[in-house]
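Protein chains in written order, with this note's numbering: chain A, 985 to 1284; chain B, 985 to 1284; chain C, 985 to 1284.
All C-beta atoms, glycine included, are put in the ideal place defined by N, C-alpha and C.
Written below as structure tokens is the structure these notes are about.
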Amino acid sequence: MAAALRRLSRCGVAGFLPQVFSANRHGPRMLPHLVCQKISTSSKIKVDLDQSTGVAVMWMQSPPVNSLTMELLTEFTTTLENLEMDKSCRGVIITSSLPRIFSAGLDILEMYQTSPEHCGEFWKAVQELWLKLYGSNLATIAAINGSSPAGGCLVSIACDYRIMADDPRYSIGLNETLLGIVAPYWFKDTMANTVGHRTTELALGLGLLYSAPEALKIGLVDKLVPEDQVVNTATLTMAKWLAIDEHARQVTKSMMRKPTVDKLLSNREADVHNFVSFITKDSVQKSLGMYLKMLKNRKA
Amino acid sequence: MAAALRRLSRCGVAGFLPQVFSANRHGPRMLPHLVCQKISTSSKIKVDLDQSTGVAVMWMQSPPVNSLTMELLTEFTTTLENLEMDKSCRGVIITSSLPRIFSAGLDILEMYQTSPEHCGEFWKAVQELWLKLYGSNLATIAAINGSSPAGGCLVSIACDYRIMADDPRYSIGLNETLLGIVAPYWFKDTMANTVGHRTTELALGLGLLYSAPEALKIGLVDKLVPEDQVVNTATLTMAKWLAIDEHARQVTKSMMRKPTVDKLLSNREADVHNFVSFITKDSVQKSLGMYLKMLKNRKA
Amino acid sequence: MAAALRRLSRCGVAGFLPQVFSANRHGPRMLPHLVCQKISTSSKIKVDLDQSTGVAVMWMQSPPVNSLTMELLTEFTTTLENLEMDKSCRGVIITSSLPRIFSAGLDILEMYQTSPEHCGEFWKAVQELWLKLYGSNLATIAAINGSSPAGGCLVSIACDYRIMADDPRYSIGLNETLLGIVAPYWFKDTMANTVGHRTTELALGLGLLYSAPEALKIGLVDKLVPEDQVVNTATLTMAKWLAIDEHARQVTKSMMRKPTVDKLLSNREADVHNFVSFITKDSVQKSLGMYLKMLKNRKA
């Protein structure tokens, strides 16, 4: 069954947002026009770096829904590290090249019926992405051009700024409890740093997904624009961040975020251990299995 | 005098909200219709547990204003512990069976002209209630069908969710400074976890009581409904909480609240000591005496 | 150059808010009428203490823009300490006697082309003012009758309450990054205690200055009133704070603020060291120099 589901998942599951899989209700989506000096393309992430502005765009392009598999996580982190070391790059915009989805979050099949060792390696990769992104010296903007549940939300709130497509059919949130799993404390900290303790408590407790307008209202995203202007608006907004003195901006960002980053850094092994113990429980595996079956049925 | 005041208080003082004592302005209040499999009734709290849904309702019924006396505090905590151990119970709604008042808060007479020993025991009982309620594994909803000052507010904000009667004559807040006393740090932490640091600073510093609509606006309560629908709405809302996977919900709640709970747990003796030193000061006793005299005059 | 700039600055620069220097767009400003029992006047700060109410008004009067020079900082702190020890004083209102400006913040010339020793002494004076004001036992209200960037914002948010002139031309914020410098963690903590983590992150990262209406919206100030009513409204508001039991108010305030104060107290030397290392960097000195030149050009 796992293998069948795996194929299913990689073909469009990854869960969290069934409406993503329904027929194309939006019609063709126009991608914003891009003028770039250098284009480095890899399998799962396409990078456009405009060396005249110092702004890179990372396009997640892992169909059908940019599930954060081990492969995508690793490539994401590596790409970010390379941009971080590239002197010509000062800011990065993270977005999706797929229609209607930013990222569907962590790939459930990486943690369903896999070995504890694999779960541990997978979790380290999740930690690594967050540590690099939340603590990045680059200015970072999420151009959220589709739904962004769970891990997709984590990627978004780890950026400096969030611009989302103004469409109530798109939603964002840390909805882990809906799957019978738990957002760890550093997901929680990142969320609380964004929308405060109480909204986080309510959102995580009930596994709430917020529509784009609701997300704006609670401060989970910073701005809504029409879908075809998300990336362009991110580019314009990035110019404001890059107008700030580089050193002052980085020191300020580090002051705001270092305590949250350090909490995980001093505790990574225990966090991996907690995750593996939790996710490999029979009851949790059963919840994940039921969730995958539900998605399969819905799809059929 | 203390004895006379004691009788007065138990007949309707407990302070904080003089308008509570004025003539019945609301007319008869219809209690929502209840269908319950099991009803356990005790002197100060009536419990209705619907075993088909797993939802218990705790009705505080200590006339005239549900003052949190040692007796009510103890019964509250014991009732909650019993529900917590009852496998058929998964959520609890806390409400009042008295008209126009949820709870008037800590009974002043437990701390006015009583021995330091008594004050200390009383405070331990307050701590115990909060520790059990704020850290409860049950889903908890406050159905605030009347005013809820001071300790009444603490009970409310220790729940997972707050539904209040939509009546501007009802108010809620930690108004301790109005009596010349001080909300301790764990009251403050619970409030700050609900409405943030700044609103808490302002509210505690000025002893602010918020009307129901104001309370909604600052996030001190989550929803307003007509008075006769408060408990029913709580029941409907509870269904959403209980739809979440039990284990995931509990682990998530613990992650949000454990640091705040642990702060008191590691510091209970010192907190009792601080309270007793403060409350037994001549100046503080004098403030409480003046407050009680004011209430007596207002009543007469 | 430094000397020339010094003269320039003391004649109206101090930076941060170029529009302050443009011609008088507001016409004559009426100062509120004052009735005071005792008036102690010093060079940079005029103090009116009304002994019948216990309320002192501290008028910053250091033309052109109340730059926080070493001299003004020291006098501010000393004045506050004297009021704190004066039994007849229970509350203090901080305001400006200059048109259109509350305070332009730290005087850049105290940290531009001066010795590390001087920078260190200057920074200790900034710490001292904040420690005394944020931790004051007095009730404190900022009557912000003009723009209030950087250090002016710090003084404002260190008070218990903020009333600002309702004029969109006036702005307030911690805009340090605009000058290539960084607000230290205790500026950040004070801001986050006022408007929360996320708004602080955004504000500090982009060096945002909020117009009075925007500042009200995010909670950076508590109330807007017409400019000629700022001080009078502060006086009326102060009466509410002083109606609260003195001891209860002070203990509550200390509970809210002591953790933030203690963080700096246990770390003062390191904080001075960090500031001096940062501010004396060539790149930072260059940024300050460019900023001063820009102001000079704009003035000319």
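Check: With a threshold of 6 angstroms on Cβ separation, who are the neighbours of LEU1163 of chain A within its own chain once the five nearest residues in sequence on each side are excluded?; Outcome: TYR1275
Check: For HIS1017 of chain C, count the other beta carbons within 10 Å of its own beta carbon; 16 or more makes it buried, fewer makes it exposed. Which is it?; Outcome: Legend: pLDDT at HIS1017 of chain C = 38, less than 50; position of this residue unreliable, value from coordinates given subsequently. So HIS1017 of chain C counts as exposed.
Check: Give the DSSP-derived three-state secondary structure of LYS1028 of chain B in the structure shown.; Outcome: coil
Check: Counting contacts by CB-CB distance shorter than 8 angstroms, is TYR1169 of chain C in contact with chain A?; Outcome: yes
Check: Starting from the Cα of TRP1170 of chain C, find the closest Cα among C:LEU1067, C:VAL1215 and C:ALA1254 and give me that residue.; Outcome: C:ALA1254
Check: Check this for me: beta carbons of ALA1126 of chain B and ARG1146 of chain B, under 8 angstroms apart or not?; Outcome: yes
Check: Excluding five sequence neighbours on each side, which residues of the same chain lie with their C-beta closer than 7 angstroms to the C-beta of GLU1112 of chain C?; Outcome: THR1061
Check: Three Cβ pairs or more, each shorter than 8 angstroms: is that satisfied between the region 1092-1106 of chain C and the region 1063-1081 of chain C?; Outcome: no
Check: Hey, how far is the Cα of ALA1007 of chain A from the Cα of ALA1123 of chain B?; Outcome: Interpretation of ALA1007 of chain A is limited by its pLDDT of 33, a score under 50 that renders its predicted location unreliable; the figure taken from the coordinates is listed afterwards. Those two C-alpha atoms are separated by around 38 angstroms.
Check: Using 8 angstroms as the threshold, is the C-beta distance between SER1267 of chain B and HIS1181 of chain C below it?; Outcome: no
Check: Can you list the residues of chain A that LYS1172 of chain C reaches, using a CB-CB cut of under 9 angstroms?; Outcome: THR1236, MET1239 and MET1240
Check: In whole angstroms, what separates the C-alpha of SER1081 of chain A from that of LYS1028 of chain A?; Outcome: 10 angstroms
Check: Do GLY1089 of chain C and ALA1134 of chain C have their beta-carbon atoms positioned less than 8 angstroms apart in this structure?; Outcome: yes
Check: On the criterion of 16 or more Cβ atoms from any shown chain inside 10 Å, does ALA1223 of chain B qualify as buried, or is it exposed?; Outcome: exposed
Check: My understanding is that SER1132 of chain A touches SER1140 of chain A, with C-beta atoms under 8 angstroms, so please give their C-beta distance in whole angstroms.; Outcome: 5 angstroms
Check: For PHE1259 of chain C, which residues of its own chain have a beta-carbon under 8 angstroms away from its beta-carbon, when the five flanking residues on both sides are left out?; Outcome: CYS1103, GLY1104, TRP1107 and PRO1168
Check: By DSSP's criteria, GLY1212 of chain B is part of a beta bridge. Which residues make up the other side?; Outcome: According to the sequence displayed, residue 1212 of chain B carries Asp and not Gly. Paired residues: none, contrary to the question.
Check: Cβ atoms of CYS1137 of chain B and ILE1165 of chain B: under 8 angstroms apart, would you say?; Outcome: no
Check: Could you name each continuous beta strand (DSSP E) segment of 3 residues or more that falls completely within the region 1182-1240 of chain A, going from the start of the chain to the end?; Outcome: 1207-1209
Check: Beta carbons nearer than 8 angstroms to chain B: which residues of the region 1240-1262 of chain A have them?; Outcome: PHE1262
Check: Among the candidates C:MET1044, C:GLY1119 and C:ALA1149, whose CA atom is the shortest distance from the CA of ILE1128 of chain C?; Outcome: C:ALA1149
Check: Contact check, MET1240 of chain B vs GLU1160 of chain A under 8 angstroms by CB: the rounded distance?; Outcome: Rounded, the Cβ-Cβ distance is 13 angstroms, inconsistent with contact.
Check: Would you please state the rounded distance, in angstroms, between the beta carbons of MET1042 of chain A and VAL1049 of chain A? I believe it to be under 8 angstroms.; Outcome: The Cβ separation is near 17 angstroms, so there is no contact.
Check: Using a cut-off of 8 angstroms between C-beta atoms, extract the partners of ARG1182 of chain B located in chain C.; Outcome: ASN1177, THR1178, VAL1179, GLY1180 and GLY1203
Check: Measuring only between beta-carbons, confirm whether HIS1102 of chain C sits less than 8 angstroms from chain B.; Outcome: no
Check: Which chain C residues are close to THR1264 of chain B, counting only those with a beta carbon under 8 angstroms from its beta carbon?; Outcome: Those do not exist, as THR1264 of chain B stays about 14 angstroms from chain C at its closest Cβ, beyond 8 angstroms.
Check: Just verifying my parser: in three-state terms, what is the DSSP assignment at THR1178 of chain C?; Outcome: helix
Check: Whose C-alpha, out of C:ALA1227, C:LYS1172, C:ILE1092 and C:GLN1035, is nearest the C-alpha of LEU1279 of chain C?; Outcome: C:ILE1092
Check: Could you tell me whether the Cβ of LEU1001 of chain B comes closer than 8 angstroms to any Cβ of chain A?; Outcome: Low local confidence applies: a pLDDT of 43 at LEU1001 of chain B is under 50, so the model's placement there is unreliable, and no value is given.
Check: Going by DSSP in three states, TYR1118 of chain C sits in which element: helix, strand or coil?; Outcome: helix
Check: For GLN1234 of chain C, collect the residues of the same chain with a Cβ closer than 6 angstroms to its Cβ; drop the 5 residues on either side in sequence, then sort them by chain order.; Outcome: ASN1121
Check: What residues in the region 1063-1093 of chain C have a beta carbon less than 8 angstroms from any beta carbon of chain B?; Outcome: none
Check: Using a Cβ-Cβ cut-off of 6 angstroms (strictly less than) and excluding sequence neighbours within five positions of LEU1056 of chain B, which residues of its own chain qualify?; Outcome: LYS1028 and SER1046
Check: Tell me which residues share the same chain as ALA1218 of chain B and place their Cβ nearer than 6 angstroms to its Cβ, disregarding the 5 neighbours each side in the sequence.; Outcome: ILE1077, ILE1125, ALA1127 and ILE1147
Check: Which same chain residues end up closer than 6 angstroms to LYS1265 of chain C when comparing Cβ atoms and leaving out the 5 residues on each side of it in sequence?; Outcome: none
Check: Would you tell me roughly how many angstroms separate the C-alpha atoms of VAL1205 of chain A and ASP1151 of chain A, rounded to the nearest one?; Outcome: 13 angstroms
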